[in-house]
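Below is one structure, written out as structure tokens; the observations come after it.
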Amino acid sequence: MKSVPVRCPVCSREHTYAAPAYPCPCGAPTAPPLLPGAPAVQVVRRTWDEDWVTVRCTACDRRDQWPQPELCCPCGTLLRIPVRPVDEPAAP
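Quick note on our numbering: the sequence shown kicks off at 3 and runs consecutively.
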């Protein structure tokens with residue numbers, strides 16, 4: 003899994019984040035495609051719709067809901083890590 007640099011917008015700390023992979027029902031490890039260069043967003047209030055993202059399995063093309071990648075900064079800020087939308091092509 004690829005990792006991306008993440009900067010906390012509150013304290014400016016730099017982090018490296020790699021999304022965890024979960025098994026697709028077909029058995030292939032599947033992880034949300036992180037969006038390199040996109041800024042992390044501070045989570046102020048949770049909503050059900052924002053806690054889940056659609057992820058496509060590269061082995062079987064199945065689309066399922068996976069937990070939205072998040073990172074807890076040591077300053078106490080919860081950060082939402084941006085992911086590439088499932089219908090958007092990957093960068094070369």
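Where is the CB? At the ideal position from N, CA and C, for every residue including glycine. Predicted model, so just to flag it, every value in this text is computed and none were measured.
### Query
What three-state label does DSSP hand Asp-53 in the structure shown?
As a first step, residue 53 must be located in the sequence shown, where it is residue number 51. Helix, per DSSP.
### Message
Rounded to whole angstroms, what is the Cα-Cα separation between Glu-16 and Val-43?
### Response
In the sequence shown, counting from the first residue as 1, residue 16 sits at position 14. In the sequence shown, counting from the first residue as 1, residue 43 sits at position 41. Their backbone Cα atoms lie some 14 Å apart in a straight line.
### Task
Please classify Pro-31: is it buried, with 16 or more other beta-carbons within 10 angstroms of its beta-carbon, or exposed?
As a first step, residue 31 is located in the sequence shown; it is residue number 29 there, counting from the start. Its Cβ having fewer than 16 others within 10 Å, Pro-31 is exposed.
#### Entry: CB-CB length for Leu-36 against Val-85, believed under 8 Å
Residue numbering aside, residue 36 sits at position 34 when the sequence shown is read from its first letter. Residue numbering aside, residue 85 sits at position 83 when the sequence shown is read from its first letter. In this structure Leu-36 is in contact with Val-85, their Cβ atoms being roughly 6 Å apart against a cut-off of 8 Å.
### Task
Between the Cα of Val-55 and those of Val-45, Arg-48, Ala-40 and Pro-71, spot the shortest distance and give me the residue it belongs to.
Start at 1 with the first residue of the sequence shown, and residue 55 comes out as number 53. Among Val-45, Arg-48, Ala-40 and Pro-71, the Cα nearest to that of Val-55 belongs to Pro-71.
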